[in-house]
Amino acid sequence: MKEKDAFPRELLRGSLDLMVLSVLAEEPRYGYLVQKRLREAGGGGLQIQAGTLYPLLHRLEADRLIRSRWDDSTGRRRKWYELTAKGRRQLEKQAREWRRYAECIGRLLGPAVGPPEPAPS
Amino acid sequence: MSEREFETYLTLLCRLLRLDAAQREAIARELRDHLEERLAELKARGVDREEAVRVALAEFGDAAGLAAEFSWISRNLRRRWLVRATLGSMMAAAAAVLAALAMWPDGRTGPAPATAVAQQPANGAAEASAAPETAEAEAPEDILSRRLDAEFIETPLADVLAFLADSVGGQVYVSRKQLDDAAISLDAPVTLSLKSVRVDMLLDLLLDQVDEGLAYVVRDGIVIVSTLEDLEGTAEVRVYNVRDLIKLSAASAGMEGMMGAGGYGAEGAGEYGAYGGEMSGELYGEYGMSGFGGEHPSEHRAHVLMEVIKAAVGRKHWKDDGDYGAIAAYDGLIVVNHNTRVHQQVDRLLEMMRAAAGEGRKGAKP
Chain A
60 MKEKDAFPRE LLRGSLDLMV LSVLAEEPRY GYLVQKRLRE AGGGGLQIQA
110 GTLYPLLHRL EADRLIRSRW DDSTGRRRKW YELTAKGRRQ LEKQAREWRR
160 YAECIGRLLG PAVGPPEPAP S
Chain B
432 MSEREFETYL TLLCRLLRLD AAQREAIARE LRDHLEERLA ELKARGVDRE
482 EAVRVALAEF GDAAGLAAEF SWISRNLRRR WLVRATLGSM MAAAAAVLAA
532 LAMWPDGRTG PAPATAVAQQ PANGAAEASA APETAEAEAP EDILSRRLDA
582 EFIETPLADV LAFLADSVGG QVYVSRKQLD DAAISLDAPV TLSLKSVRVD
632 MLLDLLLDQV DEGLAYVVRD GIVIVSTLED LEGTAEVRVY NVRDLIKLSA
682 ASAGMEGMMG AGGYGAEGAG EYGAYGGEMS GELYGEYGMS GFGGEHPSEH
732 RAHVLMEVIK AAVGRKHWKD DGDYGAIAAY DGLIVVNHNT RVHQQVDRLL
782 EMMRAAAGEG RKGAKP
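Sequence order for the protein chains is A and B.
The end of the first sequence is residue 180 by my numbering, with every number in the run present.
The end of the second sequence is residue 797 by my numbering, with every number in the run present.
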């Protein structure tokens, strides 16, 4: 949870959409849960500010990659987001691109700086 | 207490959102839910209440920036609809052409860009929802004379300009290269809190806060922000008809009789401030003939008025040599070669003088 471990903005910029789509592909969530899930997954590296997250959610919804509905069955009126079919296709496409990109980076980094360090326990 | 701070933030955010009431309420409700949950979590972790409120709000960033983002998303959505509609009608048109000529029109690269969506300035709650969406681009003067509420706290200039463009439904272009060359940063923070301020006034204040060398002009409905130096290249000559002002002074000195009553009547108030030589020159010819010795009093008054303009707009803007920054008077007309910003100031000044003169001359207007 250390601040200094947060990923640099430039890295996040190109992949935040993909992350949010992935999180919503797991199950429908409301904004706060999306943020929480990202934080868990990132091990402290993903500090997505609310001020960034909500406009992003609204943009994805405007693009019809996700859809929302209000639900108050939990006793509180909440806006839940879920993936649309279009969002699912977009996620799969972006995931393929991302993996290919990561492999490419890996191939370049291997000879340059050696194999990846083992994750800190 | 915490509730109140959230509400203050959300109210401010809503005021800044260029959306209808239902959309604003939905956004406020979603964010309120988040804030409350975040607050509960922080408190569970032992963070004291005050600090928790501060942290939760800080995570949202400043209200102006966030509102601009939400508004932008919604506006873009509408714009896409417009493009889609345009595309649809174009396809229908293309099909008609195909049927008629059996020939595909070339060179058609895409749909016309969607025109700016005009919106009402947000004067309050319900009004924005009733704002009619017109597809017509507004005249630049209209954009500048619009009023809006501005609340910025240490907000980067770039965000403020984006917000501004969004609120008036106009376009703002920033000449990044010129700013870079002048080492002026678009990230420079501005702080400003004004209610119902005119857009041109707001721009003046914003740009002055960042750098005195910044200026803007309006070209074809687009607000262009750049350095004063750069914009000087965009000088234009305008002719201000100030005969009314010069004559008013004469009239108040009791010279009406000499001018002929017809002279006034022919120049309706609607024509005041029109640029160019639309005014009836003949009448003035007559006036000129009516006989004053030496420098015509109206000529003299024109020179005094010119000095007033120079002093009011700021002497540093005027140069005696060269074309740019020149001001001259001729026959009741004042000719100014300057950038749009100075022209606007001249315009505003003359407007104010006319208003003030009108006050002291009640009932004399046709």
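Idealized CB from N, CA, C, for every residue including glycine.
On a predicted model such as this, the values are computed, not experimentally measured, just so you know.
Kindly give me the distance between the Cβ atoms of residue i and residue j, rounded to whole angstroms, as I take these residues to be in contact under 8 Å.
{"i": "residue 496(B)", "j": "residue 635(B)", "result": "Between residue 635(B) and residue 496(B) the Cβ distance is about 22 Å, and since that is not below 8 Å, they are no contact."}
{"i": "residue 646(B)", "j": "residue 657(B)", "result": "7 Å"}
{"i": "residue 757(B)", "j": "residue 734(B)", "result": "So it is not a contact: roughly 14 Å between Cβ atoms."}
{"i": "residue 450(B)", "j": "residue 494(B)", "result": "That pair is no contact at about 14 Å."}
{"i": "residue 642(B)", "j": "residue 775(B)", "result": "Their Cβ separation, rounded to whole angstroms, is 19 Å, which puts residue 642(B) and residue 775(B) out of contact at 8 Å."}
{"i": "residue 109(A)", "j": "residue 438(B)", "result": "Residue 109(A) to residue 438(B), Cβ: 17 Å. No contact."}
Is residue i helix, strand or coil by DSSP?
{"i": "residue 755(B)", "result": "coil"}
{"i": "residue 673(B)", "result": "coil"}
{"i": "residue 88(A)", "result": "strand"}
{"i": "residue 554(B)", "result": "Note that residue 554(B) scores a pLDDT of 38, beneath 50, so its modelled location is shaky; the value from the coordinates is reported in the next line. In this structure, residue 554(B) counts as coil in the three-state DSSP scheme."}
{"i": "residue 624(B)", "result": "strand"}
{"i": "residue 156(A)", "result": "helix"}
{"i": "residue 643(B)", "result": "coil"}
{"i": "residue 138(A)", "result": "strand"}
{"i": "residue 445(B)", "result": "helix"}
{"i": "residue 488(B)", "result": "helix"}
{"i": "residue 437(B)", "result": "helix"}
{"i": "residue 580(B)", "result": "strand"}
{"i": "residue 618(B)", "result": "coil"}
{"i": "residue 466(B)", "result": "helix"}
{"i": "residue 133(A)", "result": "coil"}
{"i": "residue 764(B)", "result": "strand"}
Can the beta-carbon of residue i be found closer than 8 Å to that of residue j?
{"i": "residue 463(B)", "j": "residue 447(B)", "result": "no"}
{"i": "residue 678(B)", "j": "residue 598(B)", "result": "no"}
{"i": "residue 593(B)", "j": "residue 499(B)", "result": "yes"}
{"i": "residue 143(A)", "j": "residue 118(A)", "result": "no"}
{"i": "residue 136(A)", "j": "residue 460(B)", "result": "yes"}
{"i": "residue 581(B)", "j": "residue 625(B)", "result": "yes"}
{"i": "residue 610(B)", "j": "residue 770(B)", "result": "no"}
{"i": "residue 629(B)", "j": "residue 669(B)", "result": "no"}
{"i": "residue 648(B)", "j": "residue 772(B)", "result": "yes"}
{"i": "residue 676(B)", "j": "residue 784(B)", "result": "yes"}
{"i": "residue 105(A)", "j": "residue 97(A)", "result": "yes"}
If I measure Cβ to Cβ from residue i and keep anything under 8 Å in the same chain, skipping five residues before and after, which residues do I get?
{"i": "residue 75(A)", "result": "107, 111 and 115"}
{"i": "residue 602(B)", "result": "547, 596, 652, 653 and 654"}
{"i": "residue 120(A)", "result": "126, 127 and 140"}
{"i": "residue 80(A)", "result": "119, 124, 125, 142, 146, 149, 150 and 153"}
Can you list, in chain order, the residues of its chain whose CB lies under 6 Å from that of residue i, leaving out five sequence neighbours each side?
{"i": "residue 604(B)", "result": "653 and 655"}
{"i": "residue 585(B)", "result": "620 and 622"}
{"i": "residue 659(B)", "result": "644 and 646"}
{"i": "residue 503(B)", "result": "597"}
{"i": "residue 712(B)", "result": "Because residue 712(B) sits at a pLDDT of 38, beneath the cut-off of 50, its placement in the model cannot be relied upon, and the following sentence gives the value as read from the coordinates. Result list for residue 712(B): empty, nothing under 6 Å."}
{"i": "residue 674(B)", "result": "763"}
Near residue i, which residues of its chain fall below 7 Å by C-beta distance, leaving aside the five closest residues on each side in sequence?
{"i": "residue 145(A)", "result": "123 and 124"}
{"i": "residue 454(B)", "result": "505"}
{"i": "residue 777(B)", "result": "671, 740, 744 and 767"}
*asked:* For the structure I just gave you, are there three or more beta carbon pairs, one from the segment 616-623 of chain B and one from the segment 475-483 of chain B, closer than 8 Å?
replied: no
Q: Could you say if the segment 156-172 of chain A and the segment 457-473 of chain B meet the contact criterion of at least three C-beta pairs nearer than 8 Å?
A: no
- Is the number of C-beta pairs between the segment 139-158 of chain A and the segment 77-86 of chain A that are closer than 8 Å three or more? yes
Give, in chain order, every residue of the segment 580-593 of chain B whose Cβ lies closer than 9 Å to some Cβ of chain D.
Note that chain D does not occur in the displayed structure, where the protein chains are A and B.
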